[in-house]
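Visitor: Structure below; questions to follow.
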Amino acid sequence: MTPRQKRIWMVVGIVGGVGLAATLALQAFQDNLMYFQSPTQVLEQPIAGERSFRLGGLVEPGSVTREPGNLEVRFRITDNVEAIEVSYAGLLPDLFREGQGVIVRGKLGADGLFVAEEVLAKHDENYMPPEVAESLRMPPLIKQVEAGGA
Amino acid sequence: MWTWFHKLASPPHFYRIAGLTIPAFSWAAGLLVAAGLYGGLVLAPPDYQQGEGFRIFYVHVPSAILSMFVYATMAIAAAIGLIWRMKLAHAVAAASAPIGAWFTACALATGSIWGKPMWGTWWVWDARLTSELILLFLYLGYLGLRSSFDDLQRADRASAVLAVIGIVNLPVIHYSVVWWNSIHQGSTLLTPGAMPIAMKWPALCMLAGFALFYGAVLFVRLRGEVVRRERSAAWLREVLVK
Amino acid sequence: MNIAEFLAMGGYAAYVWPAYALVFAVLALNVWAARRSHERALEEARRRLMQEESGR
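Heads up: the sequence lines are chains D, Y and Z, in that order.
Heads up, the first sequence is in the working numbering, so the first residue is 82 and it goes up one at a time.
Heads up, the second sequence is in the working numbering, so the first residue is 20 and it goes up one at a time.
Heads up, the third sequence is in the working numbering, so the first residue is 1429 and it goes up one at a time.
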């Protein structure tokens, strides 16, 4: 083997070895890297009330209610199988709306109410002008945009 | 082909050619970025969900793509430098690192600014954000490692090994949004139909402009790196007299 | 087109403009740093040449 071939194999070996190690490490941590749990997962294996965790899903259309006079918002997070009632007092992200994907961090009470300390809104990779969205008939989103557009 | 390649890779020839091509790269980059800015800020319609706020897309996405593209260039150049003991390849890697580090910082910062109003947070330990932060640390580690050597040749070889190791992070960044259920959305530019052409073309202009900008800045830095690695007094004298 | 409306960015001015300003400041910084790096390399080379010549 010429010195150059040796060096080629050295480079291949480094990348291969580190790649393998990284793959194994990521496999091992797969569960911890799960950023949030769905309502179904939470109801199957309820997490004790003292521990804070992340719950993710869609804001159930028609479930958002606001308490008059304070900042508290109540809504249900659903994965289209199960749903969990969430209470949150604070400012909501701009993308928060019915039907939107959200991730909430907080604690699940014994009464089944999830008290959120933080609400994050997800969005997907799709972008389009409002007129196009309207022509695709997505009434709840459009209404929200117009109402919250100012 | 090979004689042409060797001629190009010879320091005096490369130094001269690079000097001649920099203006062309700069002009093309400037025009494309100007077109992308006008298209992205003025012509593109607002988004149905994010309104005008989505325009951060036009600086965030090109920065993020370049942060990875520059790293790939750097790692491949470092591998070529290690295997073929080619000075010019090491010079490409060394000249790319600071540019890539800045693109990575831009991607992280603009993402953070974008995340605050839309997601509701400046930062989350999401797989995409975390792996991009690791990319920044790889660049900084590479630059730090280089500066710890006085001898340029040793700096080249040691830092090249680090650059090659770090390439493992690139697929992790790219697929992080697919492998893990998290907050960062998937790739808009790579998903057919995810963005109408009226919104997409300014992004492509910006991307091409940023890539050419990288080319121009890389060549300016490369000329310096070539001079640093040159031992032939006769040629250096010729460059310095001008 | 209304300039004030354009600058307001639909209420997102506080996010959009700093993001753009930051990126373009970094691009300018890159140009400056690259030029300085090239000039420094030339200065070092000049010093090296002078040393060699005086040593001869």
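Even for Gly, the Cβ is constructed at its ideal location relative to N, Cα and C.
Which two residues bound the contiguous beta strand (DSSP E) that contains F195 (chain D)?
Guide: Taking the first sequence and counting its residues from 1, the one referred to as residue 195 (chain D) is at position 114. Taken as a continuous stretch (DSSP letters only), the beta strand (DSSP E) holding F195 (chain D) covers 194-202.
Visitor: Out of Y:P117, Y:A116, Y:W141, Y:P136, which has the shortest C-alpha to C-alpha gap to L127 (chain Y)?
Guide: Counted from its first residue, the second sequence places residue 127 (chain Y) at position 108. Among Y:P117, Y:A116, Y:W141, Y:P136, the Cα nearest to that of L127 (chain Y) belongs to Y:W141.
Visitor: Any beta carbon from chain Y within less than 8 Å of S1482 (chain Z)'s own beta carbon?
Guide: Position 54 of the third sequence, counted from the first residue, corresponds to residue 1482 (chain Z). For S1482 (chain Z), the answer is no, since every Cβ of chain Y falls outside 8 Å of its Cβ.
Visitor: Could you give the first and the last residue of the continuous beta strand (DSSP E) run that contains S168 (chain D)?
Guide: By 1-based counting over the first sequence, the position of residue 168 (chain D) is 87. Unbroken beta strand (DSSP E) run through S168 (chain D): 164-170.
Visitor: Where DSSP assigns a beta bridge to R147 (chain D), which residues make up the other side?
Guide: Position 66 of the first sequence, counted from the start, is the residue given in the question as residue 147 (chain D). The partner list for R147 (chain D) (beta bridge, DSSP) reads D:V154.
Visitor: Express the C-alpha separation of F1452 (chain Z) and S45 (chain Y) in angstroms, rounding to a whole number.
Guide: As a working note, residue 45 (chain Y) is residue 26 in the second sequence. As a working note, residue 1452 (chain Z) is residue 24 in the third sequence. Distance between the alpha carbons of S45 (chain Y) and F1452 (chain Z): 15 Å.
Visitor: Are the C-beta of E227 (chain D) and some C-beta of chain Y separated by less than 8 Å?
Guide: What you label residue 227 (chain D) is simply residue 146 of the first sequence in a count that begins at 1. No answer about E227 (chain D) holds up, because its pLDDT of 48 lies below 50 and its placement is not dependable.
Visitor: Can you tell me whether G205 (chain Y) is buried or exposed, with buried defined as 16 or more other CB within 10 angstroms of its CB?
Guide: Counting from 1 along the second sequence, the entry for residue 205 (chain Y) is found at position 186. The residue in question, G205 (chain Y), is exposed, as its Cβ has fewer than 16 Cβ neighbours within 10 Å.
Visitor: Just the chain Y side, please: which residues come within less than 8 Å of N1430 (chain Z) by C-beta, in chain order?
Guide: Within the third sequence, numbered from 1, the residue matching residue 1430 (chain Z) stands at position 2. Chain Y residues near N1430 (chain Z): none, gap ~12 Å exceeds 8 Å.
Visitor: For chain Y, find out if any of its Cβ atoms is closer than 8 Å to the Cβ of L1435 (chain Z); answer yes or no.
Guide: For the purposes of this step, residue 1435 (chain Z) is identified with residue 7 of the third sequence, where counting begins at 1. Taking Cβ atoms only, chain Y never reaches closer than 8 Å to L1435 (chain Z), which makes this a no.
Visitor: Sort out for me which residues DSSP pairs R135 (chain D) with in a bridge.
Guide: Locating residue 135 (chain D) in the first sequence gives position 54, where the first residue counts as 1. Paired residue(s): D:R186.
Visitor: Which chain Y residues sit within Cβ distance under 8 Å of A1461 (chain Z)?
Guide: In the third sequence, counting from the first residue as 1, residue 1461 (chain Z) sits at position 33. Those within 8 Å of A1461 (chain Z) in chain Y are P117.
Visitor: Leaving out the 5 sequence neighbours to the left and right, which residues in its chain are closer than 6 Å to G230 (chain D) when beta-carbon positions are compared?
Guide: Taking the first sequence and counting its residues from 1, the one referred to as residue 230 (chain D) is at position 149. For G230 (chain D), the predicted model reports a pLDDT of 39, less than 50, meaning its position is unreliable; a value from the coordinates is still stated below. Same-chain partners within the cutoff: there are none.
Visitor: Tell me which same chain residues have a C-beta within less than 7 Å of the C-beta of T129 (chain Y), skipping the five on either side of it?
Guide: The residue given as residue 129 (chain Y) occupies position 110 in the second sequence. Excluding positions up to five away in sequence, the list reads I75, V78, H79, S82.
Visitor: In angstroms, rounded to a whole number, what distance separates the CA positions of E227 (chain D) and W144 (chain Y)?
Guide: Residue mapping note: residue 227 (chain D) aligns to position 146 of the first sequence, counting from 1. Residue mapping note: residue 144 (chain Y) aligns to position 125 of the second sequence, counting from 1. Low local confidence applies: a pLDDT of 48 at E227 (chain D) is under 50, so the model's placement there is unreliable, with the coordinate-based value given in what follows. Computed Cα separation, rounded: 32 Å.
Visitor: At a CB-CB cut-off below 8 Å, which residues of chain Z make contact with T129 (chain Y)?
Guide: Locating residue 129 (chain Y) in the second sequence gives position 110, where the first residue counts as 1. In chain order: A1447, L1450, V1451.
Visitor: Is the beta carbon of V246 (chain Y) sitting closer than 8 Å to the one on V236 (chain Y)?
Guide: Indexing the second sequence from 1 puts residue 246 (chain Y) at position 227. Indexing the second sequence from 1 puts residue 236 (chain Y) at position 217. No, the Cβ-Cβ distance between V246 (chain Y) and V236 (chain Y) is not below 8 Å.
Visitor: Nearest to Y158 (chain Y) by alpha carbon, out of Y:P117, Y:H193, Y:Q172, Y:L171?
Guide: To locate residue 158 (chain Y), count along the second sequence from 1; it is residue 139. Comparing Cα-Cα distances from Y158 (chain Y) to each of Y:P117, Y:H193, Y:Q172, Y:L171, the minimum goes to Y:P117.
Visitor: Identify every residue that forms a DSSP beta bridge with Q118 (chain D).
Guide: For the purposes of this step, residue 118 (chain D) is taken as the residue at position 37 of the first sequence. Answer is D:L136.
Visitor: In chain order, what are the residue ranges of uninterrupted alpha helix (DSSP H) at least 4 long that sit wholly in the region 72-139 of chain Y?
Guide: You should have 76-103, 106-137.
Visitor: Is the CB of K188 (chain D) under 8 Å away from at least one CB in chain Y?
Guide: The residue you call residue 188 (chain D) lines up with position 107 of the first sequence. Not an interface residue.
Visitor: Alpha carbon to alpha carbon, how far is G38 (chain Y) from H1466 (chain Z)? Give it in angstroms, no decimals.
Guide: For the purposes of this step, residue 1466 (chain Z) is taken as the residue at position 38 of the third sequence. For the purposes of this step, residue 38 (chain Y) is taken as the residue at position 19 of the second sequence. If you take the alpha carbons of H1466 (chain Z) and G38 (chain Y), they lie about 11 Å apart.
Visitor: Is there a Cβ of chain D sitting closer than 8 Å to that of R73 (chain Y), yes or no?
Guide: The residue you call residue 73 (chain Y) lines up with position 54 of the second sequence. Here residue 73 (chain Y) turns out to be Phe, not Arg, going by the sequence shown. Closer than 8 Å: yes.
Visitor: Whether or not the region 50-59 of chain Y and the region 1429-1443 of chain Z are in contact is what I'm after, with contact meaning three or more pairs of Cβ atoms, one per stretch, closer than 8 Å; do they touch?
Guide: No, because fewer than three Cβ pairs between the region 1429-1443 of chain Z and the region 50-59 of chain Y fall closer than 8 Å, the two stretches do not touch.
Visitor: Can you tell which of Y:K135, Y:V191, Y:W121 has the C-alpha that lies nearest to the C-alpha of A1456 (chain Z)?
Guide: For the purposes of this step, residue 1456 (chain Z) is taken as residue 28 along the third sequence, with counting starting at 1. Of the listed residues, the one whose Cα sits closest to A1456 (chain Z) is Y:W121.
Visitor: Beta-carbon within less than 8 Å of A179 (chain Y)'s beta-carbon, same chain only, minus the 5 sequence neighbours each way: which residues are those?
Guide: By 1-based counting over the second sequence, the position of residue 179 (chain Y) is 160. Here the set comprises A97, A98, G100, L101, H109, A112.
Visitor: Scan the region 66-99 of chain Y for residues whose Cβ lies nearer than 8 Å to a Cβ of chain D and list them as they occur along the chain.
Guide: Within the region 66-99 of chain Y, the qualifying residues are D66, Y67, Q68, Q69, G70, G72, F73, F76, A98.
Visitor: Figure out for me which residue from Y:R242, Y:L208, Y:L107, Y:R250 has the closest Cα to the Cα of H193 (chain Y).
Guide: To locate residue 193 (chain Y), count along the second sequence from 1; it is residue 174. Nearest C-alpha to H193 (chain Y): Y:L208.
Visitor: Name the residue from Y:L60, Y:T149, Y:G160, Y:L255 whose alpha carbon lies nearest to the alpha carbon of G119 (chain Y).
Guide: Position 100 of the second sequence, counting from 1, holds the residue named residue 119 (chain Y). Comparing Cα positions, the closest option is Y:G160.
Visitor: Given that C274 (chain Y) touches chain Z, what residues does it touch there, using C-beta distances under 7 Å?
Guide: This structure leaves residue 274 (chain Y) out entirely; chain Y is present only between 20 and 261.
Visitor: Kindly list, in the order they appear in chain Y, the residues whose Cβ is closer than 7 Å to that of E206 (chain D).
Guide: Reading the first sequence from its first residue, position 125 is the one you call residue 206 (chain D). Q204, G205, S206, T207, T210, A213, listed in chain order.
Visitor: Identify which residue in Y:A213, Y:V187, Y:H203, Y:L162 has its Cα closest to the Cα of M87 (chain Y).
Guide: As a working mapping, residue 87 (chain Y) is identified with position 68 in the second sequence. M87 (chain Y) has its Cα closest to that of Y:V187, out of Y:A213, Y:V187, Y:H203, Y:L162.
Visitor: Quick check: is the beta carbon of Y116 (chain D) nearer than 8 Å to any beta carbon in chain Y?
Guide: Position 35 of the first sequence, counting from 1, holds the residue named residue 116 (chain D). For Y116 (chain D), the answer is yes, since a Cβ of chain Y falls inside 8 Å of its Cβ.
Visitor: Excluding the 5 residues flanking V196 (chain D) on each side, which residues of the same chain have their C-beta closer than 7 Å to its C-beta?
Guide: For the purposes of this step, residue 196 (chain D) is identified with residue 115 of the first sequence, where counting begins at 1. Around V196 (chain D): S168, G187, K188, G190.
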